[in-house]
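The structure appears right after this line, and notes come after that.
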Amino acid sequence: MKIRTLSALGALALAAASQAATVSFNLTNEFSGSGVNPSGPSPWGVASFTDTGANTVQLTLSRATTMGAGEFIRVWLFNLNPSMNPTGLGITQNSGPVSSNSTRAGSDTDNAFRGDGGSFFDFKFEWPTSNSADRFDGDWISAVYTLTMTGLDANDFVDLGVGAGNSPNGLYQAAHIQGMTAGSAWVTGGPGVLVPLPSAAWTGMAGLGMVGLVGWKRRRNAR
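First residue of the sequence shown? That's 9 in the working numbering, and the numbers climb one at a time after it.
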């Protein structure tokens with residue numbers, strides 16, 4: 009049957025967008041003011057959120073193999089759809105260096121969830137700084153988690169959060185990389201991919217739907 013109206017096309021796009029999707033964020037920019045980057049070309053890390061079922065998202069945090077052997081990721085922070093309460097987010101680690109995970113229970117401007125001089129976030133992962141088996145350094149490629157919450161999907165992590173300091177418009181994510189010859193660096197970056205799955209036949213329309221969904225996300229810094 010022919011699609012006769014734009015509204016029908018939009019409805020199909022949104023239906024496709026509601027299917028499984030992957031949202032990726034690339035660590036590409038230093039924002040702490042140190043002016044020093046980690047070793048190797050960016051991205052120095054990639055965070056990929058993938059729908060794996062109803063109310064369930066798999067998060068894969070990957071460290072670039074081109075980073076220096078002694079460089080390690082100390083902390084990685086993210087945002088959640090502001091209509092959702094971060095305390096309701098379930099985090100289960102499946103593989104990789106064991107991290108300490110926490111979600112924001114206080115205000116939107118809780119300093120425990122703030123990037124260096126930058127915006128605030130909703131949840132974070134922290135790894136040891138000591139040279140232990142669980143330090144996120146050259147011995148590891150990735151850490152994988154299962155995230156659960158009622159109504160959760162990959163697009164719920166596309167949020168700029170509350171801006172502050174040297175990031176007044178907010179950030180999608182932030183990571184602190186230590187062990188560098190010249191100290192350390194806080195790095196960030198925006199969404200790299202919005203890919204609908206699994207049918208290639210839906211790709212075009214699902215892409216349109218996801219652009220709309222991202223546009224609907226409320227930004228906390230607009231409050």
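Cβ coordinates follow ideal geometry from the N, Cα and C atoms, glycine included. Computed from a predicted model, the values in this text were never measured in an experiment.
State the start and end residues of the unbroken beta strand (DSSP E) segment that holds residue i.
i	result
residue 149	No beta strand (DSSP E) holds residue 149; DSSP gives it neither H nor E.
residue 134	131-134
residue 98	98-103
residue 179	Residue 179 -> no beta strand (DSSP E), and no H or E assigned at all.
residue 84	80-86
Output the distance between the C-alpha atoms of residue i and residue j, rounded to the nearest integer angstrom.
i	j	result
residue 34	residue 184	14 Å
residue 178	residue 115	16 Å
residue 31	residue 162	6 Å
residue 121	residue 133	10 Å
residue 127	residue 84	13 Å
residue 199	residue 56	9 Å
residue 66	residue 170	24 Å
residue 186	residue 107	16 Å
residue 104	residue 189	25 Å
residue 234	residue 175	The question about residue 234 has no answer, for the chain in this structure spans 9 to 231.
residue 109	residue 147	20 Å
Anyone know if the C-beta pair for residue i and residue j falls short of 8 Å?
i	j	result
residue 111	residue 131	yes
residue 191	residue 125	no
residue 165	residue 129	no
residue 196	residue 153	no
residue 46	residue 193	yes
residue 77	residue 48	no
residue 89	residue 156	no
residue 50	residue 68	no
Kindly indicate if chain D contains any beta-carbon less than 8 Å away from that of residue i.
i	result
residue 165	No chain D appears in the structure shown, which is made up of a single protein chain.
Helix, strand or coil: which one does DSSP assign to residue i?
i	result
residue 164	helix
residue 199	strand
residue 68	strand
residue 120	helix
residue 189	coil
residue 169	coil
residue 60	strand
residue 36	coil
residue 95	helix
residue 29	strand
residue 109	strand
residue 77	coil
residue 53	strand
For my contact list, residue i and residue j are in at a C-beta cut-off of 8 Å; report their separation, rounded to the angstrom.
i	j	result
residue 137	residue 82	6 Å
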